[in-house]
Amino acid sequence: MKIKVINSDRIVIRDLQSALDLMMSAKYENDYEGIIINKDAITEDFFRLSSGLAGEILQKFVNYNMKLAVYGDYSMYDSKPLRDFILESNKGKNFFFVESQDEAMRRYNDDITEKLQADS
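In the numbering used here, the protein residues as written are 220 to 339.
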């Protein structure tokens with residue numbers, strides 16, 4: 220599985236269109252199957268669930284069969300809905316929120332290992 224890793228000190232995902240542009244470039248121009256991105260490269264609106272941005276973006280990733288891992292420190296968020304959203308996302312294999320880039324890679328590698336074992 221090819222994974223695009225983004226570690227940026229500037230906002231890369233500002234809105235739905237910038238997320239789509241990133242995803243399309245990764246998927247169709249470079250054959251990536253997933254993206255790992257640091258939390259600070261995503262607009263704060265994503266983490267304000269009432270904005271609807273997180274849901275819109277994650278739905279596009281589902282539609283295009285792309286995985287997304289966001290890594291960083293989430294301790295500053297005291298929103299129960301956001302914490303619940305993160306916990307539920309982390310139960311799946313398509314989207315997850317972790318503390319480090321290494322942890323995101325481990326999650327992707329675990330998914331690959333599970334698929335290989337299921338196929339054998």
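Every residue gets a Cβ at the ideal spot worked out from N, C-alpha and C, and that includes glycine.
Computed from a prediction, not measured in an experiment: that's the story for all the values here.
Cβ of residue i within 9 Å of Cβ of residue j?
i      : j      : result
Val224 : Ile261 : no
Lys279 : Glu252 : no
Tyr247 : Phe266 : no
Between residue i and the rest of its own chain, which residues show a CB-CB distance below 8 Å, the 5 nearest in sequence each way excluded?
i      : result
Asn257 : Ile225, Asn226, Ser227, Val289, Tyr290, Gly291 and Gln320
Glu322 : Tyr290
Leu235 : Leu272, Glu275, Ile276 and Lys279
Need the endpoints of the beta strand (DSSP E) that residue i sits in, please.
i      : result
Asn257 : Gly253 to Asn257
Met287 : The displayed chain sequence assigns Leu, not Met, to residue 287. Segment Lys286 to Tyr290, the beta strand (DSSP E) holding Leu287.
Do you know whose CA, among the options, lies nearest residue i's CA?
i      : options                           : result
Asn282 : Met243, Asp234, Arg325 and Arg229 : Met243
Asp259 : Glu318, Arg326, Lys221 and Asn328 : Glu318
Skipping 5 residues on each side, what residues in its chain have a beta carbon closer than 6 Å to that of residue i?
i      : result
Leu277 : Phe314
Arg270 : One detail in the question is off: residue 270 reads as Ser in this sequence, not Arg. Here the set comprises Asp264.
Buried or exposed: which applies to residue i, given that a residue is buried once 16 or more other Cβ atoms fall within 10 Å of its Cβ?
i      : result
Leu335 : Caution applies to Leu335, whose pLDDT of 47 falls short of 50 and renders its modelled position unreliable; the model cannot decide the point.
Leu272 : buried
Leu306 : exposed
Please report the residue range of the alpha helix (DSSP H) in which residue i lies.
i      : result
Ile305 : Lys299 to Asn309
Phe316 : Element bounds for Phe316: not the alpha helix (DSSP H) but the beta strand (DSSP E), Phe314 to Val317.
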